[in-house]
Each structure stands twice: as structure tokens, then as C-alpha cells.
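If you use the numbering used here, the sequence shown corresponds to residues 16 to 301, in order.
Each residue gets a CB set at the ideal place from its N, CA and C atoms; glycine is no exception.
All values reported here derive from a predicted model rather than from experimental measurement.
Written below as C-alpha cells is the structure these notes are about.
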Amino acid sequence: MLSTTATAARRTSVSILGAGTQGRRLAFMWSSRGNNVHLIDAQAHQLQASIQAVENFRASWSTADSEKGDIITHLPHELSAAVRDSWLVVECVPERLPLKQKILTQLDSVAPEDVIIASNSSSYSCGEILQGLKLKNKSRILSAHTSIEIMGHESTDAKHIDLMTSRCAAHGFDPFHVRSPSMGYLYNRIWAAIKREALLAAAEGAGTPEEIDAIFKGVLKTPKGPFEQMDVVGLDVVHDIEQHYADARGDIPSEPREYLRRYLEKGHLGVKSGKGFYDYGSPNRL
Ligand SMILES: NC(=O)c1ccc[n+]([C@@H]2O[C@H](COP(=O)([O-])OP(=O)(O)OC[C@H]3O[C@@H](n4cnc5c(N)ncnc54)[C@H](O)[C@@H]3O)[C@@H](O)[C@H]2O)c1
């Protein structure tokens with residue numbers, strides 16, 4: 016491991032806070048060129064399950080041994096040590112604004128000054144999360160979503176966008192720079208509209224989830240339909256994201272959220288709980 020006094024650009028580890036559906040995917044992705052990942056979560060069982068999930072991803076991608084970085088797990092009381100030797104720390108906690116604000120504030124206080132802090136939120140831009148927060152260094156904060164849209168806020172330093180872009184490309188991602196603050200980035204805005212309209216059609220009784228998925232896959236030749244994909248994401252997460260769009264925009268119909276709540280009330284969260292729109296037999300993570 017490099018010394019903790021190395022500048023961020025020379026460090027190779029990445030820290031990820033939140034080891035759920037997305038955190039464990041990112042742990043796999045950022046460790047896939049042999050670099051170490053520090054994974055932090057409040058729940059020990061999530062950390063254990065993440066190690067298994069990363070193993071599964073590596074098996075299905077036939078990752079060579081030389082490219083398997085270590086996944087080092089931590090509980091939150093070790094946060095400071097867990098971010099010290101990283102060039103990047105990504106928050107991956109649930110889609111709740113007060114929680115995201117608390118976590119970014121903590122990260123700003125413990126991460127060395129030059130470490131990039133990224134939010135993986137699907138619908139809160141980092142500018143929105145930062146509103147009203149008094150932080151030491153907002154210029155190192157940006158949004159980085161999935162694989163990977165990179166978006167700054169009004170005072171993000173361009174050198175951090177450049178470093179993110181080059182490191183993402185070196186890890187085999189296809190980075191896109193979202194040029195102005197955009198709720199839901201680029202891809203997620205489109206995906207939000209697809210989810211909403213699919214849920215609305217089901218809520219109206221125009222088609223069942225199975226029928227809507229079948230027509231979607233038949234026309235677009237994609238491996239999954241919107242309901243199958245929502246089950247993978249997690250219906251609680253889909254609901255939180257849609258609620259945020261509704262709160263922010265005022266032109267969002269309520270029926271898609273009401274339809275989702277029918278499943279949430281029964282504890283049907285999708286693949287992770289074993290049942291969502293479809294039945295998976297037992298809890299799992301993809
Ligand atoms: N699920 C997806 O497919 C997906 C895709 C892209 C982006 N995202 C985004 O990623 C974020 C996380 O979503 P997810 O689906 O992984 O959620 P999740 O519920 O599966 O996982 C969240 C994890 O955060 C942990 N956590 C909660 N509070 C914590 C705290 N204070 N300290 C440490 N750990 C804490 C939980 O224990 C849990 O393991 C959201 O912002 C979501 O929008 C999700």
C-alpha cells in the first residue's frame with residue numbers, strides 16, 4: 016500500500032461507504048485492476064455478503080488472480096482509517112437526503128484534503144446534497160453514478176473531474192461527463208421515465224408486469240424488461256428515487272408510487288428479499 020502522505024493522484028485504493036446492492040458492485044469494479052477497496056457498512060452481515068458477492072462477480076467475469084484487489088471491510092467506527100490511503104471515497108448509502116448529508120459531512124471531516132468524495136445517488140445531485148452544509152472543501156465533491164456518469168456542482172474543481180474520468184477509463188468503465196447539473200444525470204432520467212410509464216400502465220391494468228416486460232424485450236431486444244430490472248435495483252430504492260422526482264418536480268403522477276407501495280407493504284423488495292414483481296425463491300443479490 017502507498018504511504019498515507021502520497022497525493023491522491025498517486026494513491027490507488029478506493030473506499031466505498033455502504034455495502035448494499037450498489038456498493039458491492041462498485042467494490043468489484045474498483046478492485047478489478049488489482050487495486051484494494053475499503054468497504055464500510057453499519058451492518059456486519061452486509062459486509063460479509065459483499066465479500067461473497069464480489070467473489071461471484073469475479074467468477075462470472077473470469078477475473079484473473081493478478082487483477083483481484085483486496086476487499087478490506089470496516090465498521091463505521093474505523094471510517095477515518097478506511098479512507099486515509101484512498102484517492103476516492105464513494106458514498107453508497109440509501110437514497111435519503113438527510114442521511115446523504117450526514118455522510119458527506121463526515122467524509123469531508125475525516126478524508127484527507129485531496130481525496131475526491133463522490134456521491135453515487137441516483138437522483139440527488141451533489142449540489143443538492145451540499146445545499147446548506149458547511150464543509151471544509153466542497154471543491155473535491157462530485158457525483159459519480161453507476162458505470163459511470165460524472166457530474167460536478169458549481170464549485171467542483173475540474174482537476175477532480177479529469178482524474179475521475181481517466182481512472183474510470185483505466186478500469187474499463189465508459190465515463191460520461193454530465194455538463195450541467197441534471198437531476199438523474201443522463202441515463203437515469205431516461206430510465207426513470209421508462210419505469211414510471213411501465214408502473215403506470217400496470218397500475219391502470221393495461222398489462223401485467225410479465226406482459227409489459229415481454230413486449231419491451233420483444234421490441235427492444237434487451238435481456239430484461241423494466242419490472243425485472245426494478246426487481247434487481249430494489250423496489251424500496253426505486254420508490255425513494257421516484258419520490259424524490261415527485262417532490263422536486265411537481266408534475267409526476269402518484270399512481271406509480273402507489274403501485275410500488277403495494278409490494279413494499281408486503282416486504283417484497285425484489286431480488287434482495289427473494290420476491291418482488293417476480294418470485295426468486297430466496298433472498299439474493301445480483
Ligand atoms: N440499487 C441499484 O441498482 C443502484 C444503482 C445505482 C445507484 N444506486 C444508488 O446507490 C445508493 C445505495 O443504493 P443500494 O441499492 O445499494 O441500497 P441498499 O439499501 O442495498 O444498501 C445501502 C447500504 O448502506 C448501509 N448503510 C446505511 N446507513 C449507513 C451508515 N450510516 N453508515 C454505513 N452504512 C450505512 C446499509 O447497511 C446498506 O448495506 C442509493 O443512493 C441509490 O440511488 C443504486
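So is the beta-carbon of Q116 under 7 Å away from any non-hydrogen atom of ligand 1?
-> no
May I ask which residues mark the beginning and end of the alpha helix (DSSP H) holding W45?
-> It spans T36 to W45 - the alpha helix (DSSP H) in which W45 sits, taken as one unbroken run.
7 Å Cβ shell around D246 - same chain, five flanking residues per side excluded = If the five residues before and after D246 are omitted, its C-beta is found closer than 7 Å to the C-beta atoms of G285, V286, G291, F292 and Y293, all from its own chain and listed in chain order.
Near T19, what residues of its chain come up, given a Cβ to Cβ distance below 7 Å and the 5 sequence neighbours on each side ignored?
-> No answer about T19 holds up, because its pLDDT of 42 lies below 50 and its placement is not dependable.
Sequence-distant residues of its chain with Cβ nearer than 6 Å to L214 (five each side left out) = P271 and Y274
Boundaries of the beta strand (DSSP E) in which V125 is found, first to last residue = Run containing V125: none in the beta strand (DSSP E); it sits in the alpha helix (DSSP H), L112 to V125.
Give the range of the alpha helix (DSSP H) segment to which V130 is assigned.
-> That residue, V130, is in no alpha helix (DSSP H); it is neither H nor E in DSSP.
Are A42 and S65 closer than 8 Å when you measure CB to CB?
-> yes
Just tell me which of V130, L32 and G33 has its CA closest to the CA of A23.
-> If you compare the alpha carbons of V130, L32 and G33 with that of A23, the shortest gap goes to V130.
Kindly provide the ranges of any beta strand (DSSP E) runs that are 3 or more residues long and lie completely inside the region 155-195, ordered along the chain.
-> Fully enclosed beta strand (DSSP E) runs of 3 or longer: 156-160 and 164-166.
Can you list, in chain order, the residues of its chain whose CB lies under 7 Å from that of V125, leaving out five sequence neighbours each side?
-> Cβ neighbours of V125 beyond the five flanking positions: L94, S95 and V98.
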